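Take the sequence shown: its letter number 288 is residue 280 in the working numbering, and every next letter is one higher.
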Amino acid sequence: MIEIAEKWNPLEVDTPTAIRLQDPTPEIVKIIRLLCGTACLIRRVNGMEDVLVELDTNFINPSHQHSADNLTDILDYFFDERPDDAEILQIFQAISTYNRKFYVDIRNEISYCLFALSSDRATEAFLFLYRVLERLSSACPLIYISRERDFRTAHSFLAGIFTENKTPGELALLQSFIKNYADSEEMFRENSIDFAIEDLASEPSQEMIRQWKNVIRKEVPHLIIDEDLGVITCKFKDAVSLIVTIRNRCYHNKSAHVNFNLTKIGGSEPLFKMVMPKLMYWFSYLFIDFAKWQITAAQR
């Protein structure tokens, strides 16, 4: 089993207590350490640690590279105004027992996702990301409304998700939540993901564009496909619809649907290598908000 470990030698680096990769640090903090590239993934064999990969990609803030000297900057992901050290420890202690098994499962799945991504196994990485989103699907709206003091506000928000007197299933719930969330969060609503298609002149790349137009855009109509630049743009709020569509049109091959012809684009890897790194940036943006909602709820 893959485990998470400190990237820098604890004997040489004074890692702040609140964000150390050991208990009682909340699992949600460990997940952020993974997503901002400040941890190692290891495997223990016969009592020995085998370092699989030193993560170095900051999916949360790509323009900021963390090092042993600025690890405390991680706390700024959680707080708009950083409290003093004692208060941070108190807050983290309060959330460390919240749904711990849930967050352990999320952390393990993300670890395997990032390991697959670092090993150039993009299809496998997508599989683990999808599994994480399934776990978050019902948790997101519940954590989000737990911040609210006004039951009427909470009820109104939930009413926008649970429509037609039935509960949407799996990622449909997350999809509905994100669209409602985007209505009140302008930055999230206006952000988008750009997927680049390389080597535009090649036949596989032209085939990739054709299939995005004929397969994906039918179910995600707001996609913008720039054939001249080879760029496909998807709004943050439509990302779950895109993920579900890619999954269904790649993993299924029913004749009743227009599916990806993976053989014509060289297999699944060219497609998932194109989308996976960018989807991890989107997911990290969403998860930071999720972490903040959890902390806000703990401060009530």
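For glycine and all other residues, C-beta sits at the position ideal for the given N, C-alpha and C. None of these values were measured; they are calculated from a predicted model.
> Residues in its own chain within less than 7 Å of ARG50 by CB, not counting five upstream and five downstream?
Replying inline: Position 58 of the sequence shown, counted from the first residue, corresponds to residue 50. Reading the sequence as shown, one finds Asn at residue 50 and not Arg. Sequence-distant partners of ASN50 (beyond 5 residues in either direction) whose C-beta falls short of 7 Å from its own C-beta, in its chain, are CYS28, GLY29, HIS56, GLN57, HIS58.
> Whose CA, out of PHE279, GLU199, MET272, lies closest to the CA of LEU119?
Replying inline: In the sequence shown, counting from the first residue as 1, residue 119 sits at position 127. Measuring from the Cα of LEU119, the nearest candidate turns out to be MET272.
>> Are the CB atoms of VAL124 and PHE70 within a distance shorter than 9 Å?
In response: To locate residue 70, count along the sequence shown from 1; it is residue 78. To locate residue 124, count along the sequence shown from 1; it is residue 132. For the pair PHE70 and VAL124, the CB atoms are not nearer than the 9 Å cut-off.
> Residues bridged to ILE66 by DSSP?
Replying inline: Here residue 66 refers to the residue found at position 74 of the sequence shown. Residue pairing by DSSP places ILE66 in no beta bridge whatsoever.
> Out of GLN82, LYS171, LYS(-1), SER260, which has the shortest C-alpha to C-alpha gap to ASP112?
Replying inline: Counting from 1 along the sequence shown, the entry for residue 112 is found at position 120. For ASP112, the closest C-alpha among the options GLN82, LYS171, LYS(-1), SER260 is that of SER260.
> Leaving out five residues before and five after ARG241 in sequence, what residues of the same chain have Cβ atoms less than 6 Å from its Cβ?
Replying inline: As a first step, residue 241 is located in the sequence shown; it is residue number 249 there, counting from the start. Counting only Cβ-Cβ distances below 6 Å, and skipping sequence neighbours, we find VAL207, ASN251, PHE252.
> When DSSP builds the beta bridges, which residues end up paired with GLU(-2)?
Replying inline: Indexing the sequence shown from 1 puts residue -2 at position 6. Beta-bridge pairing links GLU(-2) to ALA31.
>> Let's see if you can read the secondary structure: which residues bound the alpha helix (DSSP H) around PHE94?
In response: As a first step, residue 94 must be located in the sequence shown, where it is residue number 102. 92 to 110 is the extent of the alpha helix (DSSP H) around PHE94.
> In whole angstroms, what is the alpha-carbon distance linking LYS229 and MET40?
Replying inline: One-based indexing of the sequence shown puts residue 229 at position 237. One-based indexing of the sequence shown puts residue 40 at position 48. Looking at the two C-alpha atoms, the distance is approximately 44 Å.
> Nearest CA to the CA of THR9: which residue from MET(-7), ARG35, THR64, LEU47?
Replying inline: In the sequence shown, the residue the question calls residue 9 occupies position 17. Per the Cα distances, THR64.
>> Does LYS158 pass the burial test, meaning 16 or more other C-beta atoms within 10 Å, or should it be called exposed?
In response: Sequence index remark: in the sequence shown, residue 158 carries index 166 (1-based). Summary for LYS158: the model assigns pLDDT 49, below 50, so the residue's position carries little reliability; its value from the coordinates is reported in the next sentence. Classification for LYS158: exposed.
>> So, for ILE135: in the same chain, excluding its five sequence neighbours on each side, which residues have a beta-carbon less than 7 Å away from its beta-carbon?
In response: The count along the sequence shown starts at 1 and reaches residue 135 at position 143. Closer than 7 Å at Cβ, skipping near neighbours: PHE282, TRP285, GLN286, ALA289.
> I think PHE313 touches VAL45, with their Cβ atoms under 8 Å apart; what is that distance to the nearest whole Å?
Replying inline: The chain is shown only over -7 to 292; residue 313 falls outside these bounds and no answer can be derived.
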